[in-house]
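This report concerns only the one structure given below.
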Amino acid sequence: MSDVLKIENLHVSVEGKPILNGVDLELRRGETHALMGPNGSGKSTLGFAVMGHPKYEVTEGRILLNDIDITEMEADERARLGLFMAFQRPIAIPGVRLADFMRHATTNVRNPDRKEGEDLIPMREFRKEITTKMKQLQMDTEFARRYVNDGFSGGEMKRAEILQLAMLQPKFAILDETDSGLDADAVRLASQSIAQIGGEEMGLLIITHHDKLLEHNPPSHAHVMLGGRIVESGGVELAHELHANGYQRIRETYPEAAALEMEMQDEEQTV
Amino acid sequence: MATDITEDAVQSPIGEINKYDFRTVSKGVFKAKKGLNAEVVNQISDIKQEPDWMREFRLKSLEIFESKPMPKWGGDIELDFQDIFYYLKPTEKQGKTWDDVPAEIKETFEKLGIPEAERQFLAGVKAQFESEVVYGSLQEDLAQKGVIFTDTDTALREHSDLLREYFGTVIPPHDNKFAALNSAVWSGGSFIYVPPGVEIEFPLQTYFRINEESMGQFERTLIIVDEGAKIHYVEGCTAPMYSSESLHSAVVEVICKKGSRCRYSTIQNWANNIYNLVTKRALAYADATMEWVDGNLGSHLTMKYPAVYLMEPGARGEILSIAFAGKHQHQDTGAKLVHCAPNTSGQIISKSISKDGGRGSYRGLVRVEEGAKNTKCSVVCDALILDPESQTDTYPYIEIMEPDVSIGHEASVSRIGEEQLFYLMSRGLSEAEASTMIVNGFIEPLVKELPMEYAVELNRLIELQMEGSVG
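Right, dumping it as structure tokens:
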């Protein structure tokens, strides 16, 4: 049986404010799902909630990874079970070198039972591996010595996220607008890299506004989110339709969700 | 903001220093009576067979101490000055054994991987002379260049003229109550004189480390870097310092003459019952650069604000200060830059970390005197708070008497980034690993300024603090 990530009737609030209103999604290893929808529809919230950000409170429903309920787990436990999220705006951690951080992360994910203080992957082995992967991603190897996301350009951040994806080899990866803020060439490189890394091995949930990223990663499924719910699912043709025509048809077809979306945005503005 | 607090802060920079005492030459076993009066001060001077001018200096300082009020700023000090031994070195050591050293201190030594003999030595229960040979040859090498590097008591006997010329000139006894106290009862500390044009490439004091017998209570350090000379002095270390006394109050004076450069690095990690009140100040003359690298861990209360007075054009002062406040600790630390001449420049980077209800305060002063045209100064102070029980405050005093200057001030406070934690944890790091990594990153600017062995020890120490296993 292939690995499966299952999201069941997920309701999520942030600081008491409901954002997701019952999301269902099933993602199998080897599949690529596109998650689309206008800004503020809850796409990133879904990503954060699945990854286990403490600010995103699950009020109802659950998340299962291979039938293990991970709804209450800490983010690091989820990561060690094979979950990954590439962030749209990854945070800077001054003073922490990317290589040091990655060596810890890689060790923990490959050896989920590792106790604190136990040995890390031998330096030489790790360096060899990360150098190889950086070259594949056309990254200057000096990059590993820089502080995590500190002073990175938009493109550098995204590439660093993809490098982490490549090192950690998760079972499931959520890519939160990995294409945003990149020029056409950079998107192509990112997109090719993800296809190369992911391939048949991963289940990918690609959150995107554009279909560039999907060119090299043709989705087997596409979902549209509106007002904190997935209102429609389909195949690759749905992704193309939304890219070509926008969300007007969706709003008209699901007036209730569209109204909810308006309401949420109004609230956002008053906050 | 023009309160008496401000005024006091300007007048009296106090801080702590931790410094072990150097071996004093007096062989006699002596124990002064508890408490402080002229008799005790005279006894100290007798034992040390000091010249009259020093005895007078001490007695006058005692008067100043008695007449000065307690500082009204900084942390709360609850001390009974009559309940302290002001001079008792030799006998104290005989009475102290390894068994008296608190368990958490021993544990920290162990976790830091400090060898057994050195542990006992650092805790002040054992004298150790293993490095005598290294130290001896080092001294010879320095002596050939005309460098004087010795303890202050010895310096007073052998280089009395130099001391008489400079002692108490940077920080006079009337500067503040604790400077007066130190001036009255000081003993030990280091004295360094670097002749014109001599550059010492390796950091001094590293070799001294295991040569010092025990930490002193009222150290007095004087460093004179003559024209065009260069020195890096490293004082103290990251190992925990344990003392049965509750008060440590040192005075450190540095004089950087024309075109010279001095860096003074220290990381101090005191036992938790100590009041650590130290005055550190440097005078930088034309085109000279003074750098303080100052790290503080442990103690009950630390008050320490290394200062640079930029006396002549082209002088530069840099202060890098980092404090870690844990349970029941208040780190009141910061820096002072006083621009007294045109075309001077300075930089203050101050970082504090508070954890388990600890309190970190930044207290800093930037003052530009009238006529100090075209001076430049930047202050960056960042606070990192690890839990909701902990606290941070910032008291930046900026006094500008000259319009033609450029002053920058940035301050930031962050809860240990929830976002940073989540980011690292989403990659498989445990919460403990992630917070240690963030804290180590936060202090990285200090660590990279330190000699390797200190940097390694500091990192390990921070990890221990993060585990909460260090009392």
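So the sequence lines, in the order shown, correspond to chains A and B.
Quick note: the first sequence, position 166, residue 166 per UniProt numbering, numbers continuous.
Quick note: the second sequence, position 43, residue 43 per UniProt numbering, numbers continuous.
C-beta: ideal position from N, C-alpha, C; glycine also.
Other residues of its chain near Met401/B: CB distance less than 7 Å, five sequence neighbours each side excluded: Val368, Glu369, Glu370
CA nearest to the CA of Gly360/B, picked from Leu62/B, Gly74/B, Asp52/B, Ser67/B: Gly74/B
Exposed or buried, which one is Gln94/B when buried takes at least 16 other CB atoms within 10 Å? Any reading at Gln94/B must be qualified, since the residue scores a pLDDT of 41, below 50, and its modelled position is unreliable; the value itself is stated next. By the neighbour-count rule (16 or more Cβ atoms within 10 Å), Gln94/B is not buried but exposed.
Just to confirm the assignment, what range does the alpha helix (DSSP H) spanning Lys258/B have? Here Lys258/B belongs to no alpha helix (DSSP H), and DSSP marks it neither H nor E.
Proximal residues, the stretch 417–434 of chain B versus chain A, C-beta separation under 9 Å: Gly417, Glu418, Glu419, Gln420, Leu421, Phe422, Tyr423, Leu424, Met425, Ser426, Arg427, Gly428, Leu429, Ser430, Glu431, Ala432, Glu433, Ala434
Whose Cβ in chain B lies nearer than 7 Å to the Cβ of Pro255/A? What Pro255/A touches in chain B: nothing, since even the nearest Cβ is about 36 Å away.
In chain order, which continuous runs of the beta strand (DSSP E) of length 3 or greater are located wholly inside the stretch 5–34 of chain A? 17–28
I need the boundaries of the beta strand (DSSP E) containing Gln138/A, first residue and last residue. Neither: Gln138/A is in no beta strand (DSSP E) and is coded neither H nor E.
Classify Gln265/A as helix, strand or coil using the three-state DSSP reduction. helix
In chain order, which continuous runs of the beta strand (DSSP E) of length 3 or greater are located wholly inside the stretch 45–85 of chain A? 56–65
Name the chain B residues whose beta carbon is nearer than 9 Å to that of Tyr147/A? Result: Gly441, Glu444.
Which whole-angstrom value describes the C-beta separation of Leu182/A and Gly154/A, a residue pair presumed to lie in contact below a C-beta threshold of 8 Å? That belief holds up - the Cβ atoms of Leu182/A and Gly154/A are roughly 7 Å apart, short of 8 Å.
Does the Cβ of Gly151/A have 16 or more other Cβ atoms within 10 Å, making it buried, or fewer, making it exposed? exposed
Distance CB(Phe218/B)-CB(Ser190/B) smaller than 7 Å: no
Give a yes or no on whether 7 Å exceeds the smallest Cβ distance from residue 296/A to chain B. This structure gives no information on residue 296/A, because the portion of chain A shown stretches from 1 to 271.
With respect to the alpha helix (DSSP H) encompassing Ala229/B, which residues constitute its N-terminal and C-terminal limits? Counting along the chain, Ala229/B falls outside any alpha helix (DSSP H), and DSSP gives it neither H nor E.
CA-CA distance, Arg80/A and Asp179/A? 26 Å
Candidates Gln331/B, Leu247/B, Arg157/B, Pro306/B, of which the one nearest Glu366/B by Cα: Note on residue identity: the sequence assigns Val, not Glu, to residue 366/B. Minimum Cα distance to Val366/B is reached at Pro306/B.
Contact set between Pro94/A and chain B, taken where Cβ atoms lie within less than 8 Å: Gly441, Phe442, Glu444, listed in chain order.
Are there 16 or more other CB atoms within 10 angstroms of the CB of Phe208/B, so buried, or fewer, so exposed? With a pLDDT of 46 at Phe208/B, under the threshold of 50, the modelled position of this residue cannot be trusted, and the question is left open.
Contact list for Ile70/A against chain B, beta-carbon separation under 7 Å: By Cβ distance, chain B contributes nothing, its closest Cβ being about 13 Å from Ile70/A, past 7 Å.
Going by other Cβ atoms of all chains shown within 10 Å of its Cβ, with 16 needed for buried, is Trp53/B buried or exposed? Its Cβ having fewer than 16 others within 10 Å, Trp53/B is exposed.
Just to confirm the assignment, what range does the beta strand (DSSP E) spanning Asp332/B have? 330–339
Residue interval of the beta strand (DSSP E) (run including Gly95/A): 93–97
Taking C-beta pairs closer than 8 Å, name the residues in chain B that Leu168/A reaches, listed in chain order. Arg427, Gly428
Measuring only between beta-carbons, confirm whether Met466/B sits less than 7 Å from chain A. no
Give me the Cα-Cα distance between Pro219/A and Glu318/B, rounded to the nearest whole angstrom. 56 Å
What would DSSP say about Thr302/B, mapped onto helix, strand or coil? strand
What are the boundary residues of the beta strand (DSSP E) that includes Ile348/B? 345–354
Quick check on Glu50/B: does DSSP put it in helix, strand or coil? coil
CB-CB length for Phe126/A against Arg103/A, believed under 8 Å: Indeed, because the Cβ distance is near 5 Å, the residues count as touching under 8 Å.
Asn108/A classed as buried or exposed, judged by whether at least 16 other C-beta atoms fall within 10 angstroms: buried
Spell out a yes or no on whether the stretch 53–64 of chain A and the stretch 202–212 of chain A are touching, meaning 3 or more CB-CB pairs, one atom from each, closer than 8 Å. no
Chain B residues whose Cβ lies nearer than 9 Å to that of Met264/A: Listed along chain B, no residue sits closer than 9 Å to Met264/A by beta-carbon distance, the nearest being about 22 Å off.
Quick check on Asn39/A: buried or exposed, where buried means 16 or more other Cβ atoms within 10 Å of its Cβ? exposed
Glu8/A and Gly203/A - do their beta-carbons sit closer together than 7 Å? Contact flag unset, no.
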